[in-house]
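Worksheet for the structure shown next.
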Amino acid sequence: MKAAQDIGGRFDAVLSALLDGTAGSRTTLRIDLPEFGFHVNDVAGEARRPEEKSLRGETGIDQRAVETVKWLDRERRPLIQGDLSNTDVPAPQALIEIYGARAQMLAPIIVKDALQGWISVHYSKGARDWSAADTAALDEAVKSVQAIIAPYAGRL
């Protein structure tokens, strides 16, 4: 359990830097890392503003069945959505209605040519044009998570 807490803390640190780097409302990591008890249906790491609801422990959605995740699995590149009310790839209604997301960026974590997980940046203050600096911060977070999980990739 301590190992899971340690790696979870490292994930949280990456997500905290991403939250600050993007001025987002919430950042999350969902990842299948069974050795540590992590599964994509719950967040393995999260950073959020105090007024934002946590997604930790919210496991009621089959995440791999969500349209945005299907898109990530198919496209293998970041999905940048500036307005969740007007998009070709719908986000889960609960994310919008319960958690207040209005814009988001998602980036895949690919291991051995498989979608192992993804990082999300949510923004709840309205529609948003994500900048090149925002997407660069997301790319950097993906690299950081890949470096954290690299020692375990052979067992995935």
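Numbered per this note's numbering, the sequence shown spans residues 86 to 241. All residues carry an ideal CB built from backbone N, CA and C; glycine is no exception.
Check	Outcome
Using the rule of at least 16 other Cβ atoms within 10 Å of the residue's Cβ for burial, across every protein chain shown, is E120 buried or exposed?	exposed
Entirely within the region 103-183 and at least 3 residues each: give me those beta strand (DSSP E) ranges in chain order.	111-116, 130-133, 164-166
Does the distance from the CB of A132 to the CB of T153 come in under 8 Å?	no
Among the residues of its own chain, which have a CB less than 8 Å from the CB of A188, if the five just before and after it don't count?	Q166, G167, D168, L169, H207, Y208, G211, A212, R213, W215
Between which two residues does the beta strand (DSSP E) containing S205 stretch?	199-208
Can you tell me the Cα-Cα spacing of S101 and L157, whole angstroms?	23 Å
Shortest alpha-carbon distance to D224 belongs to which of S110, W203, E143, G94?	W203
Is A226 helix, strand or coil when you go by DSSP?	helix
Provide the residue span of the beta strand (DSSP E) that contains P236, from first to last.	Per DSSP, P236 belongs to no beta strand (DSSP E) and is neither H nor E.
Alpha carbon to alpha carbon, how far is S205 from G239? Give it in angstroms, no decimals.	25 Å
Could you tell me if the beta carbon of D173 falls within a distance shorter than 7 Å of some heavy atom in the ligand COA?	No copy of the ligand COA appears in this structure; indeed no ligand is present at all.
Please state whether DSSP places A98 in a helix, a strand or coil.	helix
Please report the distance separating the alpha-carbon of V99 from that of G106.	10 Å
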